[in-house]
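In UniProt numbering, the protein residues as written are 1 to 222. The next block holds one structure in the form of structure tokens; read it before the comments.
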């Protein structure tokens, strides 16, 4: 059994699948940018209950590694690595932008743009799909202001939340855009080998919003 989940965006998405075929047995997605830590464990438990299995039935875990905001991304990766360590199984990381690109049904090259906050986007460019549905990443992932990369993404269909937030700047219509990575697609891609596997380490691309204090400041006048 393969457990897949991604917390790199505002969505907490979880799926249980056959580890060989990628056939989905149970899945759920909840969009709430502030409650990743509260939502992930119950969603995993609900998937186990729906599939009438337990964590001991798992043979592999797949997790989106971002890029994404620091806090949400950390929730998913810490959960995946802890579970894998306890169960003694492999954890496979996948770039979350690759998951979104794999979700596209278009037969053309595509761009992926997700919300990086700070009025920025995480983005990457992908070739058209191969016969097995996989897509080769041509450029990225990177983080930039939308207007700084609009010329790079110009003329391509854009997938992801960034197309909703900055459609006018990027020059795309925001109708029927796939906004968030799907754990079902993650599970299928890992099971069938059509998504590139990377180490389960966070892909932040920039420093977190919150930084450590530099220590107390002197109140003495010179």
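Cβ atoms here follow ideal geometry from the backbone N, Cα and C, with glycine treated the same way. In this text, all values refer to a predicted model and were calculated from it rather than measured experimentally.
Residue environment, residue i, which counts as buried when at least 16 other CB atoms sit within 10 Å
i: residue 221; result: Because residue 221 carries a pLDDT of 49, less than 50, the predicted location of this residue cannot be relied on, and the following value inherits that uncertainty. Flag for residue 221 reads exposed.
i: residue 223; result: Outside the shown range of the chain, which is 1 to 222, sits residue 223, and nothing can be said about it.
i: residue 209; result: Interpretation of residue 209 is limited by its pLDDT of 49, a score under 50 that renders its predicted location unreliable; no figure is taken from the coordinates.
i: residue 186; result: buried
i: residue 98; result: buried
i: residue 102; result: buried
i: residue 45; result: exposed
i: residue 38; result: exposed
i: residue 42; result: exposed
Residues of its chain near residue i, where Cβ-Cβ distance is below 6 Å and the 5 sequence neighbours each way are ignored
i: residue 205; result: 67, 143
i: residue 10; result: 31, 33
i: residue 199; result: 93
Residues near residue i in its chain [Cβ-Cβ closer than 7 Å; skip 5 each side]
i: residue 171; result: 150, 154
beta-carbon residue i near the ligand COA non-hydrogen atom, thresh 8 Å
i: residue 191; result: Looking at this structure, you won't find the ligand COA or any other ligand, since it has none at all.
Residue i and residue j closer than 9 Å at C-beta
i: residue 8; j: residue 73; result: yes
Contacts around residue i, its chain only, beta-carbon distance under 8 Å, and the 5 residues preceding and following it disregarded
i: residue 40; result: 5, 7, 12, 14, 75, 76, 79
i: residue 58; result: 1, 2, 3, 83, 87, 89
i: residue 120; result: 143, 144, 145, 146
i: residue 134; result: 102, 189, 194, 195
i: residue 22; result: 2, 187, 188, 189, 190, 191, 192
Contact belief for residue i with residue j at Cβ below 8 Å, rounded distance in angstroms
i: residue 107; j: residue 128; result: 6 Å
i: residue 152; j: residue 104; result: With a Cβ gap of about 18 Å, residue 152 and residue 104 do not count as contacting.
i: residue 157; j: residue 91; result: Not a contact, Cβ separation roughly 32 Å.
i: residue 116; j: residue 122; result: 5 Å
i: residue 184; j: residue 24; result: 5 Å
Within 8 Å, do at least three Cβ pairs link the region 153-168 to the region 190-199?
no
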